[in-house]
Amino acid sequence: MNMPYTIDLPDLLHVEGLSVSYGGETVVQNASFALKKGQALALIGESGSGKSTIAKAVLGLLPETARTAGRISFKDRNLLELSDRVFRPLRGRSIGFVPQDPQNALNPVRTIGAHAHESARLLDLSGRTAERTAIFETLELVGLSEPERIYRSYPHELSGGMLQRVLIGLAVLPRPEVIVADEPTSALDVTIQKRILDLLSRLRSSLDLSLLLITHDLALAAERADSVVVLKGGEVQETGPSSRVFLKPSSDYTRKLQNDVPSLNPFRFRTAERRANAGEGTGDPFIRVQSVSRIFDTGDRQVRAVDDVSFSLQSGRTHALVGESGSGKTTLARLLLGLDTPDSGAITVNGQRVHGRSTSALRDLRRDLQLVYQNPFTSLDPTWKVKSIVREPLDRYAIGSRQERDERVHEAISAVGLSEDLLRRRPAALSGGQRQRVAIARALTLRPKMLVLDEPTSALDVTVQAGIVEALFALQERFGLTYLFVSHDLSLVRQVADTVSVLRHGRLIEQGPVDQIFENPAEPYTRLLLESIPAANAAQSAAAQPGYARLSLVKTA
Amino acid sequence: MNHRSNYIGYAIARLAQSIVVIALAYTFTFLIINVLPGDPITNMLLDPENGFSPADIEPIIAYYGLDKPVLEQLWIALSRFVVGDLGISLRSNLPVSGLVLSALPSTLVLALSALAVALVVAFLLAFASQNLPPRYGQGLLRLLPAASLSVPAFIIGIFLIQIFAFQFGLFRITSPNSFAATAFAAIALGIPVSAQIAEVLIANLDHEARQEYFSVARSRGLSRFELFAHHQFRPSSLPVVTMIALAIGELLGGSLITESIFGRTGIGSLVQGAVSSQDYPVIQAVVSLAAAVFVIVNLIADLVYPLLDPRLRTRNRGREPLADEPLVDTEAVAK
Amino acid sequence: QDTKRNPGGEITFLLASLDSGWSLNEKVDIYTGQVWGQIADKLLHVNEKGEPTPWIAENWDVNDDYSSFVLHLKKGVTFSDGTPLDAAAVAANIDIWAKGDPERGIGRLGLFPSSTYTGTDVVDDHTVRVNFSTPTLSFLPTLGYHKTLLRSPASLNLKPEELGNLSKQIGSGPFVVESWREGDNVVLRKRPDYDWGPAAIDHSGPASLDKITFKVVKEAALRGSALEAGQADVALNIPPHELAGLRGKGLTVVAPPSLGFVSGFRVNTKAPHFSELAVRQAIQHGINRQEILDTVFTEDWGPAKSFLEANVPEAGDFSSLLTYDPEKSKRLLEEAGWVVGDDGIRTKDGQKLRFNLYASPWVSTSKQVDELIVQQLREIGVGVTLNVVDIATFNARVRNNDTVPLVEISRSFLDAGVAGRVLTDLHGGDNWFNYDQTNEKLNAFANAVDNADNYEKRAEILNDVQQHVLEQALFIPTTQLIQRLFVQSPKLKGDVYSGAAYPLYYGAWLEP
Amino acid sequence: MTLLIPTPVTRRRTRFAAWDVPLAVILSFLFVTLVIAWSLFPSLFAGYDPYFGDTSRKLLPPSGEFWFGTDHLGRDVFSRVVHGSWSSVTSAAIAVCIGLVVGGFLGLVSGFVAGWTDVIVARFIDVLLAIPNFLLAVVIVSSFGFQTINVAIATGIASVAIFARVMRAETLKASTSVFVEASGLLGGSRWHILLRHILPNAYRSILALAVLQFGSCILIIAGLAFLGYGDPPPAADWGVLVSNGKDYPSSPWLVFAPSLVIVATVLAINRISRWLRR
Ligand SMILES: Nc1ncnc2c1ncn2[C@@H]1O[C@H](COP(=O)(O)OP(=O)(O)OP(=O)(O)O)[C@@H](O)[C@H]1O
Ligand SMILES: Nc1ncnc2c1ncn2[C@@H]1O[C@H](COP(=O)(O)OP(=O)(O)OP(=O)(O)O)[C@@H](O)[C@H]1O
Ligand SMILES: [Mg+2]
Ligand SMILES: [Mg+2]
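Protein chains in written order, with the numbering used here: chain U, 10 to 566; chain Y, -14 to 320; chain A, 25 to 536; chain L, 13 to 290.
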């Protein structure tokens, strides 16, 4: 699957000194790199570093407001100089595109078939039936076993993974020479992500494609690409063969990136001491969930979102809920907070039952039990200033004097590592990472005993994620907090949790101390989840990275 | 299949709701009209030419039941309304249903032609707004809808008549139902509506052009026309269905002014006459008829919309993005 | 004259409304009246001098004290549904006029002297006798009124919901309804077997015009423009300021005189300050009638010389009582103790000389005239606030409201006896000046007019009434009232108007 | 009379866009300010008495002296337009206030309080929505009496539905949003959530709608005046001016001069609303 990295293949796509600016703002500066025939090149970098802009430049899809300089050579033509009319025949036929977000990449009012015919037309086949045959073949090629049904479906009738396959199919259908894939899996589950990436690799070798892969995940880039280009703020930090960049990063930025990838540093937050007394712990559990079920009635059928789940959690520890999307993690968290009522089973917090209480009793309970939402962009009221947001719970519970409240706000803000001058801003003027810290600060001002963290970092970059996780652990140390950590990112869970529950379709699959689960998964499903973690090229990095060796052990076990 | 029965259930519920709304509109109008003390008969007969004394008028008022308490009158009117009896016009002594039915076709013709004008103009504007190169005045063209929304409808009407009827003699206002006169009345009535539709349509087209799937479609090397037709225009035009439904109300209301200016008789002039003589049964009938038309058209729009927009066909499904995805990649396993 | 007559042709007549329906008695309004004049005949034709002339009644006998009338009907007259217009039909019509039919929601006819009516005897097929309990000088003129239309007995007996159906309302006139649309238009076709036109029209046999189309065009300005553009032949009630332009385009303006009161205001003497003679007289002389004529009207309007229209036989010329003399007005007010305040409005005992004026909702030019009067009265220090309201609001605010001193009058009649009926509330009189029966002089006048049993005697009394009312400034005339004004194509000839200014197109023809 | 279909947000908002005001919006603000100045201090702008004319100079066409010409009583039309702005502006404002307060309240209640209240209020809103705006206004004015204040009230009642609808949608949107649930978790009561979270978030759309409705209320009021439901003379409301002017087809400036002011005002207001809605 992995081609040896060779220098003497011809360049198919050559970017030289590319600069792109919008208005006065230059977002890509003097970028140069080359993609060789049949090879995969990864562009990595944090959000806003200009990755998509480069992809659009290659596809000739930059908006009219963009100004470009430099050269993008494709088969000896400078793509930047072609008019739209001349460029059009290249699109699809020579350069294919796989977009980032499969849900929005297909016209919702047209069937998959209608889309596919647009691509199939580029093959210049003799008629619609011939096109159909080609389409069905391609759909099967990308692993969609019922091509007729897919052909007739509308985009919203398919799952994200299926859509991403469809999109890959549409891209490869006209047999292009290069495929530009802009974060093709970042919107998908780990398990699906792996399948999609495997598919791309397979197609690349069987169809002799070159791949320009855009991602923000260094591990993924190292695992899937022959060479890597690291971008920051529109400038290229370093380029080189992926194994070299990955193992011996030459720029500080890449080193930092490498350091922040959880899968490469499984013990970053869990000291040896902590790991030593991992496990269930002793004494009365702070939280006890007993055979809880929640069934949703969606009109035409019932969804067992949570199905007979039990676990308990000691004070001061971190328990993780993992599972693919839709496995019932959020539902369980909401049940715990009393935002939803279970159909059966019981939940107690600190010995008190959560459900069947009056509103005010529930309110008292919640003082000790706070939630940090998955998406910091929707959980803060856009019309409020940060200071009022953080103060809101204090005001609501009428805690202390005015001055004490102010002090607590400042305390909480600095505890999450934000500077005071943000207090006067509104959420719109904050970055995603800053917002999530504000949300955590807000949850902390009441000095709760426990935080429920529902995928607190899944909407954020790896670097930002690392910062937030770091802050959370510092807080746990300081205040002895108890965490329920919900995530689908197993490598992150491994970094943070003491114990873990694996959920699937609402059912508990496996449960235990985190190291035990990761090193000795009893269930095939858990194993499959673990295998999906992108972890660079195992063989090459085993020696250099101890944590890595463990992962590869898991894989081969 | 379950969602088909859902759909039928939904349709029945909406229909019932519509009937309630129409009956409420009738009641509501009745109550509003009865705010002012006095009654139409007195106002009609106390014309100074007649020299009547109130005693002369009393039996007539009693004949029409206008001396009864308001709630009793409402009850009588409502119980007639539910069996479809709209009563007799106080002014012209003709059955209201006949009056309304004979006025309706003319207004419907006007409103539908206005709608046609509005759609044609709006779609042309929208098309030009996307495909006319900026140097040929695309910017000006985009200002047009907002500008024409600011012009009172009667100005447009007066202007059209003065120019086309009297200067160019293209139509005679004495035969307002002729093709040309109807066409110009439809233009006067349709322009504000077309401006609204054009505004939404242009905004939607711009919005679609910024959608991810638009640039993805572009990356498949589609021609300009294919792009416009399938990926920009088609999704943009769906909300127009809802707009058309809402515009019906505006067209019916606007017919008051247009009919008055163009000398057409229809619902608008009927209600205007009725209002000036407090012809209660006619006012109530026209208002509830307008409400009925509006409600029915909107009902149809609501029911048709899911058929046009595939996303809404499975509205209540809940999100289970990956439940039907095979867990294990069969192909990968096979290899 | 007949040599020029040109048979055939059709005309289009524009008017502002046709939505009062086609029911009986009071449902005939000034617009539907235009149509009725062509499709229904009357017993008499009353000319603009108020003189009754023969029509369906060929001649008539009156007893000495004007309380019993024998009408001799023309023979061979039929309604267009074929039923004969005989004595029984006439008696049925007169009964409906006098009594209405409350059972079917039909009111009596307002101007008909119902209170003294005792009944109609059918003497033979072509003779009726109409009886009253007291002298009723107004009976004969009333027969020329535009609402005393003769309709077929079947039409009189229609069910309530059919009364408004023009197809079922059958007359005996020179035209019959070819098609109609409620509130929009009526198309008339000539009746080929018609041969009983009024003596006042010098024509016999069927009408000359083949077809008349009445079409509603609400906007007055558009009626004028349509006429100008040759899209119509006659338009009713065009605003005066447009007339000069239309004349300039070669159109003819016809302003037939009508019998009635002039336009002006009756004074409610119960309103604050208006019991003071000085105030009333100051206003009488503070109004510049010439300026009103010059600004609002055209040469078709004449100045008011009394409160009766000049063509009413009993009207006198009292111009000297109606002069514009602001100095006199000011003097009168000063003498009465009204002094000008800072805001230019006169004050006495801390009360301002200020009142609300309501423009008549029945007269389209009233608003403009009143605007001018507001300006003029300001000159003499009287503050007037103008209100323009619809009929319903007018009735609610102006009737029986003793704070409104000036109430605009626009009223036509065919018999001047009405003038006696407005002075007091005797016998349900209109009590214009709100003295009830406290003013001896007015009481005496009212009785004298009511009891007069011949026209000459009554004319003398009415002369004194006019003198007194104007001297006392109980009525403040503005201008001659033109109830109906027609702008028409110069080709239209032979149109004749009734005393109430309604056209009869029986004798009309179009010049080629 | 505007149909409020949620249109997709047109421009990407950057942090400083709030300060970046397009020229057209500045001009619109200037014009609206001028109109407000007219209505507050008419005598600063108008040289002639708007209510008392000199009949010797009636019906003069526009000229250097009489910018908008004179009317049938010789009054300066420009002065009348300037003096009429107070009542034109206030009547539109009254209409918008009624719509805003009543409609806003109904929308809030029906969006926030579930159950029967919502059902009843929602049906009531449906009824108001189903009766064409203009028709409803005509019926109301005719029963309240022909006066500009009643016209304003009628127009306000007719616009209740649209405010209620938008408010309800905004309330529903806000009350199902995550930050509202979060506030509940943080101990916020229902009142607190309603007043501090839902209202402030609905405010922007409602404000933009109010501005937009201001423009269309001017048009509706003018339309009603055109049909003769306006204030009596010597009132100089813009709609009344147009309505009176239409009887003088040979003096077209009587219609077109005030119409021009109406069009310019509404255009400016719509532009501002669009800018607020961005
Ligand atoms: N059409 C545009 N107009 C102005 N600025 C833009 C435009 N598109 C992108 N930018 C800016 O250019 C910069 C680079 O954006 P780009 O989309 O290339 O980043 P990215 O690396 O793909 O980020 P992500 O990982 O979030 O997708 C960003 O600061 C972005 O705000
Ligand atoms: N209010 C609801 N009504 C109906 N079904 C629901 C509701 N909430 C959740 N579900 C269903 O319950 C199942 C579990 O949802 P849940 O949100 O708990 O998953 P999750 O594990 O948090 O997924 P993700 O990783 O995507 O956040 C899903 O199938 C979902 O469709
Ligand atoms: Mg990107
Ligand atoms: Mg979740």
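All residues carry an ideal CB built from backbone N, CA and C; glycine is no exception.
Remember, it's a predicted structure, so these values are computed and weren't measured experimentally.
- Applying a distance threshold of 5 angstroms between residue Cβ atoms and the heavy atoms of ligand 1 selects U:31, U:36, U:56, U:57, U:58, U:59, U:60, U:61, U:62, U:72, given in chain order.
- Only residues of its own chain outside the window of five on either side were considered, and among them 453, 454 have a CB closer than 7 angstroms to the CB of residue 445 (chain A), listed in chain order.
- The Cβ atoms of residue 90 (chain L) and residue 79 (chain L) sit closer than 9 angstroms to each other.
- Between residue 183 (chain U) and residue 129 (chain U), the C-beta gap is smaller than 9 angstroms, which places the two residues in contact.
- Beta bridge pairing from DSSP links residue 459 (chain U) with U:378, U:491.
- Within 7 angstroms of the CB of residue 255 (chain A), the CB atoms of chain Y belong to 157, 158, 159, in sequence order along the chain.
- By the 16-neighbour rule on beta-carbons within 10 angstroms, residue 118 (chain Y) is exposed.
- By the criterion of at least three beta-carbon pairs nearer than 8 angstroms, the region 218 to 226 of chain Y is not in contact with the region 137 to 153 of chain Y.
- Of all C-beta pairs linking the region 156 to 172 of chain L to the region 109 to 127 of chain L, three or more are shorter than 8 angstroms, placing the two stretches in contact.
- Residue 270 (chain A) has a beta carbon lying at 9 angstroms or more from every beta carbon in chain Y.
- Beta-bridge pairing by DSSP links residue 30 (chain U) to U:35, U:76.
- Within the DSSP secondary-structure output, residue 77 (chain A) pairs in a beta bridge with A:69.
- For the 9 angstroms CB-CB criterion, residue 186 (chain Y) and residue 108 (chain Y) form a contact.
- The residue among A:365, A:179, A:430, A:242 with its C-alpha nearest the C-alpha of residue 128 (chain A) is A:179.
- In the structure shown, residue 100 (chain U) adopts extended strand secondary structure according to DSSP, grouped into three states.
- Ligand 2 has a heavy atom closer than 8 angstroms to the beta-carbon of residue 314 (chain U).
- Residues of chain U whose Cβ lies closer than 8 angstroms to the Cβ of residue 182 (chain L) do not exist; the shortest such Cβ separation is about 12 angstroms.
- Taking the C-beta atoms as reference points, residue 154 (chain A) is found nearer than 9 angstroms to residue 163 (chain A).
- In the three-state reduction of the DSSP assignment, residue 125 (chain A) falls in the strand class.
- Contact holds between the region 232 to 248 of chain A and the region 28 to 37 of chain A, because three or more Cβ pairs, one in each stretch, are under 8 angstroms apart.
- Taking 8 angstroms as the upper bound for CB-CB distance, residue 111 (chain U) and residue 172 (chain U) are in contact here, some 4 angstroms apart.
- With a cutoff of 9 angstroms on beta-carbon distance, residue 145 (chain Y) and residue 172 (chain Y) are scored as near each other.
- As for any beta strand (DSSP E) of minimum length 3 sitting wholly inside the region 485 to 541 of chain U, the runs are 491 to 496, 508 to 513, 516 to 522, ordered along the chain.
- The CB of residue 135 (chain L) comes closer than 7 angstroms to the CB of 5, 6, 9 in chain Y, given here in chain order.
- The Cβ atoms of residue 319 (chain U) and residue 49 (chain U) lie no closer than 9 angstroms to each other.
- Close partners of residue 184 (chain A) in chain Y (Cβ separation under 8 angstroms): 73, 78.
- Less than 9 angstroms divides the Cβ of residue 58 (chain U) from the Cβ of residue 242 (chain U).
- For residue 379 (chain U), the neighbours in chain L by C-beta distance under 9 angstroms run, in chain order, 197, 198.
- Identification of chain Y residues near residue 250 (chain A) by a Cβ-Cβ cut-off of 9 angstroms yields 150, 151, 157, 158, 159, 248, ordered along the chain.
- One thing to note: residue 64 (chain A) has its Cβ within 9 angstroms of the Cβ of residue 175 (chain A).
- Per DSSP, the beta bridge partners of residue 102 (chain A) are A:108.
- Around residue 276 (chain L), the same chain offers 43 as residues with beta carbons nearer than 7 angstroms, after the five sequence neighbours per side are excluded.
- Within the chosen limit of 8 angstroms, ligand 2 reaches the beta carbon of residue 305 (chain U) through at least one heavy atom.
- No Cβ-Cβ contact shorter than 9 angstroms links residue 104 (chain L) with residue 122 (chain L).
- At a C-beta separation below 9 angstroms, residue 113 (chain U) has no neighbours in chain L, since its nearest C-beta there lies roughly 13 angstroms away.
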